[in-house]
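Its first residue numbered 1, the sequence shown is counted upward by one per residue in the UniProt record's numbering. As C-alpha cells, the structure follows; a few thoughts come after it.
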Amino acid sequence: MTSSLVGCPLFVSWHSGKERRLRGCIGTFTPLNLHQGLKEYAITSATKDSRFEPIQVEEVHKLTVSVSLLINFEEANDYLDWDTIDSLLRKGGYKEHISPQFRSSIKVAYNLTVCHMTILLPPLVVKMVR
Numbered sequence: 001m002t003s004s005l006v007g008c009p010l011f012v013s014w015h016s017g018k019e020r021r022l023r024g025c026i027g028t029f030t031p032l033n034l035h036q037g038l039k040e041y042a043i044t045s046a047t048k049d050s051r052f053e054p055i056q057v058e059e060v061h062k063l064t065v066s067v068s069l070l071i072n073f074e075e076a077n078d079y080l081d082w083d084t085i086d087s088l089l090r091k092g093g094y095k096e097h098i099s100p101q102f103r104s105s106i107k108v109a110y111n112l113t114v115c116h117m118t119i120l121l122p123p124l125v126v127k128m129v130r
C-alpha cells in the first residue's frame with residue numbers, strides 16, 4: 001500500500017441481500033491508520049449506525065461490506081459550493097438548528113478520488129464470527 005493511503009479518511013458500508021439494501025454506514029473524514037481505522041469502523045458501522053438496528057451474527061452470511069478510502073481532496077470556496085450540506089449534517093447526527101451562520105462556518109472540501117472495494121464475506125469468515 002502506498003504511503004498516501006497509510007492514513008486516510010474512510011467509510012465502511014454494510015449491505016444486505018441481492019438488492020444490496022444499506023444496513024449500516026459510518027466513517028470519518030479524519031485520516032486514520034488503515035489497520036486500526038478499518039477495524040474500528042467495520043465494527044462501528046455494523047453496530048452503531050443510528051438509522052438501523054445493530055447487525056446480528058445470524059445475518060452476516062447475507063451481507064457484503066464496502067470500504068471507501070477518501071483521498072485527494074480539493075477545498076471548496078464555501079458551503080454554497082455543495083448543495084447537500086444540510087443532508088450531510090443530519091446523516092452525521094447533527095440535531096440542532098442549522099442556521100445560515102452555522103452553514104457559513106463550515107469548511108468544505110471535495111473528495112476527488114475514492115478508492116472503493118466491496119467484499120462478499122466468505123463462509124470461513126462467517127463461521128469465525130459465529
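A virtual CB, placed ideally from N, CA and C, is assigned to each residue, including glycine. Here the structure is a predicted model, which is why all the values come from computation and not from measurement.
Go ahead and label residue i buried or exposed: buried means 16 or more other beta carbons lie within 10 angstroms of its beta carbon, across all protein chains shown.
i     : result
PHE29 : exposed
SER99 : exposed
LEU63 : buried
ARG21 : exposed
GLY37 : buried
SER3  : With a pLDDT of 48 at SER3, under the threshold of 50, the predicted position of this residue should be treated as unreliable, and no value is reported.
GLY93 : exposed
LYS18 : exposed
Assuming residue i and residue j make a contact with CB atoms under 8 Å, what is their CB distance in whole Å?
i     : j     : result
ALA42 : PRO54 : With 8 Å as the limit, ALA42 and PRO54 do not qualify as a contact, their Cβ atoms being about 13 Å apart.
VAL6  : LEU34 : 6 Å
Among the options, which residue has its Cα nearest to the Cα of residue i?
i     : options                        : result
PHE11 : SER105, GLU40 and GLN56        : GLU40
ASP86 : LEU69, ILE71, SER50 and SER104 : SER104
GLN56 : PRO9, SER68, SER16 and GLY93   : SER16
ASN77 : ILE26, THR44, TRP14 and ILE106 : ILE106
Can you name the start and end residues of the alpha helix (DSSP H) that residue i belongs to?
i     : result
PRO54 : No alpha helix (DSSP H) holds PRO54; DSSP gives it neither H nor E.
LYS91 : 85-91
Looking at the secondary structure, which residues open and close the beta strand (DSSP E) in which residue i lies?
i     : result
SER13 : 7-16
ARG21 : 21-33
With the cut-off set at 8 Å, would you say residue i and residue j are in Cβ contact?
i     : j     : result
PHE52 : ARG90 : no
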